[in-house]
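Structure first, then comments.
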Amino acid sequence: TVMFQQKAHIAWNQAIAPAIFKIGLTCRHGFARTKPGQFVMLRISEGLEPLLRRPFSVHKLIRKDNRIDGIEVLYKMVGKGTGLLATRKPGETLDVLGPLGSSFVLPPSARKVFIVAGGIGVAPMVFLAQHLVESGLSPSNCEVFLGGRTCEELLCTDDFAALDLPVHTTTDDGSAGDQCLVTHPVDIALVDRRPDVVFACGPLQMLDCVTGIAAAHGVICQVSIETAMACGMGACLGCAVPSRDTPGRYYHACLDGPVFDAGSIWLSGGPDSDRDSLSTGVQPLG
Ligand code: FES
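Just so we're aligned, residue 701 is where the sequence shown starts under our numbering, counting upward by one.
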């Protein structure tokens, strides 16, 4: 993919749930070929702050007059960087670098897909679902499993419903959907309605669990992960992910990922088992 650095105009930046925002960015170049799972680095502050770049996965493409006019990013306010981003106003500009990284890939013969997302990990999955349906996948063959701690963390259900996709929801506290981990209905459905591939994005433990379940059933699984990313371009080595298929080797989450074949990386355990700071989707840690 060709990547661009450009000034985007903020078209909107609004809260859609507690601490969850959508920001629309109009930009001239380069997002027409963006693939689901890819991300952008946003320079959050133009001021004297140290270079505040943060990674965010592309949530949707913005269409206007039959062309791609920009991107929408769904983000959670989790710290200083995202807190500053939430203060940015429509009409202001924002420096955007991207699209970056790898994407979810539908295996050539795949007819049936499960999409699994936890919390803000849903961000790239709306784009993925739209892309799959546009590419001809039958909506009834694309089941979505959404999990959150509470009903307020069940995001984007309307977007999936608008595509006619079956959506299963779970919460930890039972405030919406079934009261269980999202991996529970996935496990049952994997036996009942075996898919050709599972696409997952969410907290590390969830990804680890989905990876294990999919492997147990012999189903291909791709996961989108996040590590701290300072540059997004392979220059800072801050995003190393230990390889599972080649012991001793590390992948760059920003170049080789953020989407990986689930079996190719260590999500937990492995050589650095203290790596529990990974969070969810391509969404900053601060
Ligand atoms: Fe800098 Fe990946 S974020 S090398």
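For each residue, glycine too, the CB sits at the ideal point set by N, CA and C. Please read all numbers here as calculations on a predicted model, not as lab measurements.
Could you say which of the options lies nearest to residue i if we only look at CA atoms?
i           : options               : result
residue 810 : 899, 768 and 720      : 899
residue 858 : 836, 782, 822 and 757 : 822
residue 746 : 708, 842, 907 and 897 : 708
residue 764 : 966, 921, 724 and 851 : 724
residue 760 : 934, 825 and 873      : 825
residue 967 : 936, 835, 863 and 927 : 927
residue 798 : 915, 755, 951 and 865 : 755
residue 842 : 880, 876, 893 and 849 : 893
residue 904 : 818, 773 and 730      : 818
residue 711 : 889, 793, 945 and 951 : 793
residue 954 : 862, 868, 740 and 874 : 740
residue 769 : 956, 923, 734 and 922 : 734
residue 713 : 788, 873, 730 and 829 : 788
residue 924 : 933, 934 and 963      : 963
residue 791 : 848, 945, 726 and 830 : 726
residue 795 : 742, 773 and 956      : 742
My understanding is that residue i touches residue j, with C-beta atoms under 8 Å, so please give their C-beta distance in whole angstroms.
i           : j           : result
residue 814 : residue 895 : 5 Å
residue 802 : residue 737 : 6 Å
residue 942 : residue 965 : 7 Å
residue 758 : residue 827 : 6 Å
residue 856 : residue 876 : Not really, about 13 Å apart at Cβ, beyond 8 Å.
residue 917 : residue 882 : Going by Cβ atoms, the distance from residue 917 to residue 882 rounds to 16 Å, so no, they are not a contact pair.
residue 837 : residue 932 : Not quite, the Cβ-Cβ distance comes to about 29 Å (not below 8 Å), so this is no contact.
Let's see if you can read the secondary structure: which residues bound the beta strand (DSSP E) around residue i?
i           : result
residue 741 : 739-743
residue 952 : 950-952
residue 795 : 793-800
residue 900 : 897-901
residue 761 : 760-764
residue 773 : 767-776
residue 704 : 704-717
residue 961 : 959-961
Between which residues of its own chain and residue i is the CB-CB distance below 8 Å, once the five residues before and five after are set aside?
i           : result
residue 884 : 870 and 878
residue 807 : 896, 897 and 920
residue 835 : 806
residue 728 : 706
Cutting at 6 Å between CB atoms, please list the residues of its own chain near residue i, excluding the five before and the five after it.
i           : result
residue 785 : 744
residue 721 : 715, 775 and 786
residue 949 : 943
residue 930 : 936 and 938
residue 906 : 818
residue 977 : In this predicted model, residue 977 has a pLDDT of only 39, less than 50, meaning its place in the structure is not dependable; the value taken from the coordinates is given anyway. Nothing meets the Cβ criterion.
residue 940 : 950
residue 868 : 845 and 885
residue 973 : Confidence at residue 973 is low in this model, with a pLDDT of 48, below 50, so the placement of that residue is unreliable and no value is reported for it.
residue 704 : 729 and 730
residue 848 : 819, 854 and 871
Here's a check: name, in chain order, each residue in its chain whose Cβ is nearer than 7 Å to the Cβ of residue i, leaving out the five neighbours to either side.
i           : result
residue 886 : 814, 816, 845, 910 and 913
residue 719 : 776 and 777
residue 975 : With a pLDDT of 42 at residue 975, under the threshold of 50, the modelled position of this residue cannot be trusted, and the question is left open.
residue 839 : 833, 863, 864 and 865
residue 853 : 819
Could you spell out the range, first to last residue, of the alpha helix (DSSP H) harbouring residue i?
i           : result
residue 909 : 904-916
residue 892 : 883-892
Under 7 Å from any heavy atom of the ligand FES, by CB: list those residues in chain order, please. 929, 930, 931, 932, 933, 934, 935, 936, 937, 938, 939, 952, 953, 954 and 955
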